[in-house]
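In what follows, a single structure is set out as structure tokens and then discussed.
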Amino acid sequence: MTGRLRAPLLRFFDSPASPGTRRLVVGAAAAAGALLLSGCGALPGAAADSDGTVTVMTWAPGASEDADSVTMAGVTATATTYAKWINGRGGIGGHELKVLTCDEEDSLAGAEKCAREAVDRDVAAVVGSYSRHGQTFMAPLEAAGIPYIGGYGASDEEFQSFVSYPVNGGQAALLAGNGRQLAGSCEKVSLVRPDSIVGDSMATLFDAGLALDHRHAATDVVAPESATSYDSEATKALDAAGDGCVTAVLGERTGTFFDSFRRLPSNEGGVRISSVLGSVSQPLIDSTGGRNSPFEGALVTGWYPVSSDARWSDLREAVRKYAFEDDSIDPADSAVQTTWIAYTVLEAAVEALGDGGVSASAVTSVLNHGLKVDTGGLTPQLRWRYQDMLGSAAYPRIVNGQVTFQVVHGGRLVSQKKGFTDVTETLSDAKAVRG
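For what it's worth, this note's numbering labels the leading residue of the sequence shown as 155, then goes sequentially.
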């Protein structure tokens with residue numbers, strides 16, 4: 155059944171239909187998914203255990219000896235910390251929360267292994283996880299009717315599958331937002347991005363943000379993903395930017411790029427640097443010198459309020475009380491923050507079920523039927539009805555197209571602009587900007 159639903163959708167997404175038509179079709183697909191997953195006994199989904207325990211899973215890649223692998227141990231550690239914190243408050247709606255964790259190994263096989271374990275263990279949801287391999291983990295969840303709540307946004311499938319409930323706009327929103335953040339102050343911009351399929355879409359999104367202030371498209375500087383030095387790319391970016399701005403979105407290699415950039419003999423400090431959270435983070439700023447870091451003064455686009463914001467007080471309290479000695483959890487890490495928000499969504503869904511059974515199909519049904527989730531201001535109010543979704547071909551499931559503008563000042567990420575900036579229309583219009 156799943157295969158028959160998805161294939162026509164993929165053919166549609168490749169067609170030149172109008173945005174309005176796409177929104178209607180995506181809406182119909184979401185409604186179809188809701189009917190499939192909320193029908194009585196239509197698809198498997200575990201009820202809460204006989205003792206009232208609600209069991210969910212969180213996965214992420216753990217420690218690895220492979221230098222090119224992503225390590226996100228803080229994600230699973232945050233999930234278990236949240237369980238201790240919420241159970242210490244009486245659980246969720248009277249239910250004890252049990253969190254299973256899985257090492258996704260940053261591999262296709264590892265992602266599939268974790269998804270199949272989630273199915274075998276009859277979890278009510280997969281919550282707040284990190285994986286770049288949605289092409290292998292999403293299909294088992296779809297077949298079992300297990301909702302995927304608030305993944306980090308590292309795979310395209312998180313913004314396409316009818317069982318996915320993202321809490322942010324992913325890298326797409328960050329790139330569109332970063333272009334918009336720089337447009338007000340940068341006459342010329344160079345964008346340094348990876349030489350990959352994912353990287354190929356970055357320039358279009360970034361340029362869409364620049365275009366709102368009638369700026370010219372950025373100079374697209376393509377860089378290898380696993381280099382140990384970026385001297386030639388840094389030179390090209392600097393020459394093209396003039397006295398404008400250079401932004402780099404290279405994930406864990408962003409620090410390596412800016413190390414090469416600051417050592418250029420022709421760099422006299424007139425160019426402003428920039429990036430997005432996930433490529434630049436507070437831990438990276440701290441490890442490269444704090445207020446003496448090369449990132450001092452950098453403009454950064456994020457999904458959420460800065461980590462010092464009072465709205466993160468519950469997260470900080472939970473870490474202080476239940477994970478004080480766990481170095482893998484940094485409340486300033488956007489992956490940790492996303493996991494926390496995802497569990498806030500789970501809490502709202504379970505509480506909304508009241509005395510009813512907690513199952514994968516029940517959680518999916520309550521999310522599909524208009525549940526409003528207040529995250530305490532960490533995001534705009536979240537809701538996953540089809541009319542709330544972006545409905546674009548590439549990102550149909552996005553319901554939160556808002557970003558925050560930050561700047562590195564005194565070695566800390568602080569707010570450059572109060573509140574959120576909405577880039578939803580920018581995401582919708584991005585396809586038309588470059589070619």
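Heads up, the beta-carbon is just placed ideally off N, CA and C, and yes, glycines get one too.
Would you kindly work out how many angstroms separate the C-alpha atoms of residue i and residue j, rounded to a whole number?
{"i": "G545", "j": "Q491", "result": "26 Å"}
{"i": "E259", "j": "G228", "result": "14 Å"}
{"i": "R270", "j": "M292", "result": "10 Å"}
{"i": "A233", "j": "L328", "result": "24 Å"}
{"i": "I495", "j": "L532", "result": "8 Å"}
{"i": "L366", "j": "S318", "result": "30 Å"}
{"i": "S482", "j": "S261", "result": "21 Å"}
{"i": "A263", "j": "K252", "result": "25 Å"}
{"i": "V499", "j": "Q535", "result": "11 Å"}
{"i": "D257", "j": "G282", "result": "14 Å"}
{"i": "R347", "j": "W457", "result": "19 Å"}
{"i": "T578", "j": "A371", "result": "19 Å"}
{"i": "A265", "j": "G530", "result": "31 Å"}
{"i": "F593", "j": "G353", "result": "Only positions 155 to 589 of the chain appear in this structure, which leaves residue 593 out of reach."}
{"i": "S569", "j": "R426", "result": "17 Å"}
{"i": "I240", "j": "E250", "result": "8 Å"}
{"i": "K572", "j": "T558", "result": "8 Å"}
{"i": "E406", "j": "D220", "result": "13 Å"}
{"i": "G511", "j": "S441", "result": "47 Å"}
{"i": "V280", "j": "D576", "result": "28 Å"}
{"i": "A477", "j": "D583", "result": "43 Å"}
{"i": "S519", "j": "E501", "result": "15 Å"}
{"i": "H523", "j": "A516", "result": "11 Å"}
{"i": "L404", "j": "S383", "result": "12 Å"}
{"i": "T493", "j": "R465", "result": "15 Å"}
{"i": "F574", "j": "L567", "result": "16 Å"}
{"i": "A547", "j": "Y497", "result": "28 Å"}
{"i": "A330", "j": "G244", "result": "41 Å"}
{"i": "E422", "j": "S355", "result": "31 Å"}
{"i": "M543", "j": "G443", "result": "41 Å"}
{"i": "A503", "j": "T290", "result": "26 Å"}
Report back the beta-carbon spacing between residue i and residue j to the nearest angstrom; my notes put them in contact at under 8 Å.
{"i": "E312", "j": "P320", "result": "5 Å"}
{"i": "K342", "j": "G424", "result": "12 Å between Cβ atoms; not a contact."}
{"i": "E387", "j": "S350", "result": "Wrong, their Cβ atoms sit about 14 Å apart, outside the cutoff."}
{"i": "I300", "j": "A272", "result": "6 Å"}
{"i": "S414", "j": "D385", "result": "5 Å"}
{"i": "A381", "j": "S344", "result": "Between S344 and A381 the Cβ distance is about 17 Å, and since that is not below 8 Å, they are no contact."}
{"i": "D635", "j": "A231", "result": "The shown model of the chain, from 155 to 589, leaves out residue 635, and the question about it has no answer."}
{"i": "C340", "j": "C399", "result": "4 Å"}
{"i": "G288", "j": "R445", "result": "Contact doesn't hold; Cβ gap of about 38 Å is too wide."}
{"i": "Q560", "j": "A486", "result": "Contact flag wrong, Cβ pair sits at about 11 Å."}
Excluding the five sequence neighbours on either side, which residues of its own chain have a C-beta within less than 8 Å of the C-beta of residue i, listed in chain order?
{"i": "T389", "result": "L418, S420"}
{"i": "G508", "result": "G247"}
{"i": "T408", "result": "A402, S429, S433, V434, L438"}
{"i": "L254", "result": "T209, V210, M211, T212, E271, A272, R275, V277"}
If the criterion is Cβ atoms closer than 9 Å, does the pair residue i and residue j meet it?
{"i": "R334", "j": "G363", "result": "yes"}
{"i": "V434", "j": "V460", "result": "no"}
{"i": "A326", "j": "Y549", "result": "yes"}
{"i": "A394", "j": "S428", "result": "no"}
{"i": "L295", "j": "S309", "result": "no"}
{"i": "G323", "j": "L521", "result": "no"}
{"i": "R224", "j": "Y284", "result": "Just to set this straight, residue 224 is Val in the shown sequence, not Arg. Yes, the Cβ-Cβ distance between V224 and Y284 is below 9 Å."}
{"i": "A514", "j": "A298", "result": "yes"}
{"i": "F411", "j": "F449", "result": "no"}
{"i": "K475", "j": "G242", "result": "yes"}
{"i": "V447", "j": "V562", "result": "Before going on, a small fix: residue 447 reads as Ser here, not Val. For S447 and V562, yes; Cβs fall inside 9 Å."}
Counting only the same chain and skipping the five closest in sequence on each side, list residues whose C-beta sits under 7 Å from that of residue i.
{"i": "E505", "result": "I246, G247"}
{"i": "A337", "result": "G363, L364, L366, D367, R369"}
{"i": "D528", "result": "Q535"}
{"i": "D593", "result": "The displayed coordinates of the chain run from 155 to 589. Any statement about residue 593 would go beyond what the structure contains."}
{"i": "V473", "result": "T235, I483, P485"}
{"i": "N332", "result": "F360, G363, T401, S428, V430, T455"}
Ordered along the chain, which non-local residues of its own chain (more than five positions away) have a Cβ less than 6 Å from that of residue i?
{"i": "K526", "result": "Q535, R537"}
{"i": "G216", "result": "A227, D257"}
{"i": "R286", "result": "A308, S309"}
{"i": "R416", "result": "P448"}
| query | Would the stretch 535–543 and the stretch 552–568 be scored as touching if the rule is three or more Cβ pairs under 8 Å? | reply | yes
| task | Determine, using beta-carbon pairs with one atom in the stretch 206–219 and one in the stretch 273–281, whether at least three such pairs fall under 8 Å. | result | Judged by Cβ distances under 8 Å, the stretch 206–219 makes contact with the stretch 273–281, as three or more pairs qualify.
| request: Specify whether the stretch 235–244 and the stretch 464–478 touch according to this definition: at least 3 beta carbon pairs, one from each stretch, less than 8 Å apart. | output: Yes: the two stretches touch, three or more of their Cβ pairs being nearer than 8 Å.
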